[in-house]
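Okay, so here's the structure we're looking at.
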Amino acid sequence: MALCNCAIVILGASGDLTGRKLMPALSTLFKQGQIDRSSIIVGSGRTFFTDEEFRNRFEEAADFGERLFYHQYISGLWEFIASKGNFTKKVVFLSQPPSAYESSARELVEDGFGSETSIVLEKPFGYDYSSAVKLNNALLACFNEKQIYRIDHYLGKEAVQNILVFRFANSLFYPQWNSRYIESIQINALESEGVAARGKYFDGAGIIRDMVQNHLLQLLCLLTMEAPVTLDAEDIREQKISVLRSMEILSCNRFQYEGYKSEKGVSAQSGTETFAELALRINNFRWLGTPVYIRTGKATYRKGTEIGVRFRHVPEVLYNKQGSLKPNTIIFNIQPNEGITLDLSTKIPGGDNSVAAAHMNLCYRKTFGAPSPEAYQKLIYDALTGDRTLFVSALETETAWRLVDDILDKGSVETYQRGSLPQSKFDLKWIDFDSYGALC
Ligand code: BG6
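Going by my numbering, the first residue of the sequence shown is number 385, and it counts up by one from there.
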C-alpha cells in the first residue's frame, strides 16, 4: 500500500543517523513506490541550510526530487509544512540526542503539531528505571502513547520477526516449548568492533544498558512469551510485558576489554563493562526450571547474534546408555547468516548402531533468494503507516529497566583481551555457536 499525503519530518537532520539510516531507507521506500510522491520530507535542526544545500548533503537526494525541504528550528515548522500542501499525516523522527527529546516534544506541540502527528524515537529511553519513567511521563504530557514509536532496531530484523512465526505457525514445537522439555536457553550477541567513535556515549552506558535492557531482552520476550490473542501490537505487547515481569536476574558478571580506557571519550578510570554475562530465570508456570543465559560484548573475536534452545537429554538407555548423545538443539541465527538449525541425532550409515549429531538447516538466503530488507526500512514504513507491532511501549521499556536496575554498574569488572571471549564464570557449557554461522 502506498503512503500518500504524509509529511515526514526529521529533527536533528544534520546528524549522523539521517545520512546513515533514514535517507537510504526513505529513498528505497520512495523508489519502490511505498511512499507516494504526494508526500514530502522536511529536515530541521539548529543549523541553517537552504533547501539546495540540504539536498546536496545526501547521495539519495535525487530520489526525492523536489519533495525534500529544510526548515531551521521547530518554531514555524508547522506553517512551513502547511505552505507545501495539505498533509493528513505528520511523522516526526527525533533524530537527536535523547537529552533533547523532552524539549522537542514540547516545542512541537507549541508549534501546532497535534493528533495527526506521530513521533519516532531511538533508544536510549532513559538511563535507568526512574529516568525512563520521567522521560515517558514528559513525552506523554505532549503526545499520547499511540502517537509514540520507540525504535528497537532488533525488532525490525527479519530473523527476529520470524521467532513468533516459528513458534506459533508450527505445531511441531508448540507442545515442547516449556521447562519440561527445554533444558536451557542461551543468547549470544558478539561484536568484533570496540566502541569506535562512540566512546563518550558508551562509557556512560555500558553493554547492559546498550544491548541487554533493550535488544536482548526483546529477543528473550519473543522466545518465551505466551501466544497473543491476536497479532495486534497491543496483544503482543501485553504478552511481552507479562513474561518480562516474571523474569529475574540471578547473577551478572561484567568484563572490560584491554585498552578500553584509552579509547577516545572514555574515562581513564572507567569501570564500565564492555562485555557481560547474565543468568536469569523466568518465574512462571511455563519456564521455571529452564535457566536462561545471555552474553554480549564488544571487541570479541567475531560479530554474530544467535539464540540457542537446548532440549533435555534423552534417558540414558538404548542409544544413550553412555549418556554421550548430544541433546537436540535449535539455533536461531539472527545475524549475519540468517537461518534456523535443528540438531538431531541420527544413525551413521553402515554396520553398527553408531549415532551422530546432524544438522537440519534452514538458510534464509538459500531458501528465499533475495537478501532480507534492512531493519530500518521496515521500521520506518511501519511508523509511517501506523503499525506499532515492532515498536516498544512505555510500559515495556520501564519493565525492562526495572529488571536490570539492580545490576547496573554493580560489582567488579575483569579485563579480557581485545579479539577474544572472556572466560565464563558460570558453571555452564556454552553452546558452540561458531559452528552454526558457517552452515548458511
Ligand atoms: C545498538 C548499540 O543499539 O546496537 C550498539 O547502541 C550496537 O552499540 C548495535 O553495536 C548492534 O546492532 P547490530 O544490528 O549491529 O547487531
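Using N, Cα and C, we set each Cβ at its ideal position, and we do this for glycine too.
task: Report yes if the CB atom of Asn-717 is closer than 9 Å to the CB atom of Glu-758, and no otherwise.
output: The residue given as residue 717 occupies position 333 in the sequence shown. The residue given as residue 758 occupies position 374 in the sequence shown. Against a cut-off of 9 Å, the Cβ pair of Glu-758 and Asn-717 comes out as no contact.
task: Along the beta strand (DSSP E) that carries Asp-727, what are the first and last residues, could you check?
output: Position 343 of the sequence shown holds residue 727. Per DSSP, Asp-727 belongs to the beta strand (DSSP E) from 723-731.
message: By DSSP's criteria, Cys-636 is part of a beta bridge. Which residues make up the other side?
response: For the purposes of this step, residue 636 is identified with residue 252 of the sequence shown, where counting begins at 1. Cys-636 pairs with Leu-662.
- request: Give a single yes or no on whether Glu-577 has its beta carbon closer than 8 Å to a heavy atom of ligand 1.
  value: Locating residue 577 in the sequence shown gives position 193, where the first residue counts as 1. Glu-577 Cβ: within cutoff of ligand 1.
- request: Taking Leu-664 and Met-631 to be in contact with their CB atoms under 8 Å, please state how far apart those CB atoms are, rounded to whole angstroms.
  value: Position 280 of the sequence shown, counted from the start, is the residue given in the question as residue 664. Position 247 of the sequence shown, counted from the start, is the residue given in the question as residue 631. The Cβ separation is near 6 Å, so the contact holds.
query: Among Ser-635, Lys-687, Met-744 and Ile-724, which has the Cα closest to the Cα of Ser-796?
result: Here the question's residue 796 lines up with position 412 in the sequence shown. Comparing Cα positions, the closest option is Ser-635.
field: Beta bridge counterpart(s) of Tyr-454 as assigned by DSSP
entry: As a position in the sequence shown, residue 454 is number 70, starting the count at 1. Gly-427.
- prompt: Rounded C-beta distance between Ile-419 and Leu-452? I'm assuming under 8 Å.
  reply: Within the sequence shown, the letter at position 35 stands for residue 419. Within the sequence shown, the letter at position 68 stands for residue 452. Actually they are not in contact, since the Cβ atoms of Ile-419 and Leu-452 sit about 12 Å apart, beyond 8 Å.
field: Collapsed DSSP secondary structure at Lys-687 in the structure displayed
entry: What you label residue 687 is simply residue 303 of the sequence shown in a count that begins at 1. It is coil, neither helix nor strand.
field: Any non-hydrogen atom of ligand 1 within 8 Å of Asp-594 CB
entry: Counting from one through the sequence shown, the residue named residue 594 turns up at place 210. Flag set: Cβ of Asp-594 near ligand 1.
query: For ligand 2, is there a heavy atom less than 8 Å away from the beta-carbon of Ala-683?
result: No copy of ligand 2 occurs in the structure displayed; its ligands are ligand 1 alone.
message: Helix, strand or coil for Met-631? Go by DSSP, reduced to three states.
response: Your numbering for residue 631 matches position 247 in the sequence shown. If DSSP states are grouped into helix, strand and coil, Met-631 belongs with the strands.
Run of the beta strand (DSSP E) containing Lys-474, from where it starts to where it stops: In the sequence shown, residue 474 corresponds to position 90, counting from 1. Per DSSP, Lys-474 belongs to the beta strand (DSSP E) from 473-478.
message: Could you give the first and the last residue of the continuous alpha helix (DSSP H) run that contains Ala-397?
response: As a working mapping, residue 397 is identified with position 13 in the sequence shown. Run containing Ala-397: none; DSSP gives neither H nor E here.
task: For Asn-598, verify whether its CB is less than 8 Å away from any heavy atom of ligand 1.
output: Position 214 of the sequence shown, counting from 1, holds the residue named residue 598. Checking the Cβ of Asn-598 against ligand 1 gives yes.
Cβ contact check for the region 709-727 and the region 530-546: 3 or more pairs under 8 Å: yes
- request: Please name the residue in Lys-473, Gly-427 and Leu-395 whose C-alpha comes closest to that of Tyr-485.
  value: In the sequence shown, the residue the question calls residue 485 occupies position 101. The shortest Cα separation from Tyr-485 among Lys-473, Gly-427 and Leu-395 belongs to Leu-395.
query: Near Pro-508, what residues of its chain come up, given a Cβ to Cβ distance below 6 Å and the 5 sequence neighbours on each side ignored?
result: For this step, residue 508 is matched to residue 124 along the sequence shown. Pro-482, listed in sequence order.
message: What does DSSP give as the partner residue(s) for Ala-742 in the beta ladder?
response: Counting from one through the sequence shown, the residue named residue 742 turns up at place 358. Leu-728.
task: Give the single residue among Glu-610, Cys-824, Ser-502 and Ala-589 whose Cα lies nearest to the Cα of Phe-552.
output: Walking along the sequence shown from the start, residue 552 turns up at place 168. Of the candidates Glu-610, Cys-824, Ser-502 and Ala-589, the one whose C-alpha sits nearest the C-alpha of Phe-552 is Glu-610.
field: Cβ-based neighbour list, Asp-512, same chain, cut-off 7 Å, excluding 5 preceding and 5 following
entry: The sequence position of residue 512 within the sequence shown is 128, counting from 1. These residues qualify, in order along the chain: Trp-785, Asp-789 and Leu-792.
task: Would you please state the rounded distance, in angstroms, between the beta carbons of Leu-639 and Tyr-533? I believe it to be under 8 Å.
output: One-based indexing of the sequence shown puts residue 639 at position 255. One-based indexing of the sequence shown puts residue 533 at position 149. It is worth fixing the name first, because residue 639 is Phe in this sequence and not Leu. Going by Cβ atoms, the distance from Phe-639 to Tyr-533 rounds to 34 Å, so no, they are not a contact pair.
task: Return yes when at least one heavy atom of ligand 1 lies under 8 Å from the C-beta of Thr-689, else no.
output: Residue numbering aside, residue 689 sits at position 305 when the sequence shown is read from its first letter. Within the cutoff, so yes.
- prompt: At a cut of 8 Å, does the region 452-461 reach the region 487-504 through at least three beta carbon pairs?
  reply: yes
message: Restricting to Cα atoms, I'd like to know which of Tyr-748, Ser-502, Glu-782 and Lys-731 is closest to Arg-772.
response: Your numbering for residue 772 matches position 388 in the sequence shown. Comparing Cα-Cα distances from Arg-772 to each of Tyr-748, Ser-502, Glu-782 and Lys-731, the minimum goes to Ser-502.
- prompt: For Ala-573, does the three-state DSSP call read helix, strand or coil?
  reply: Locating residue 573 in the sequence shown gives position 189, where the first residue counts as 1. Looking at Ala-573 - three-state DSSP - the assignment turns out to be strand.
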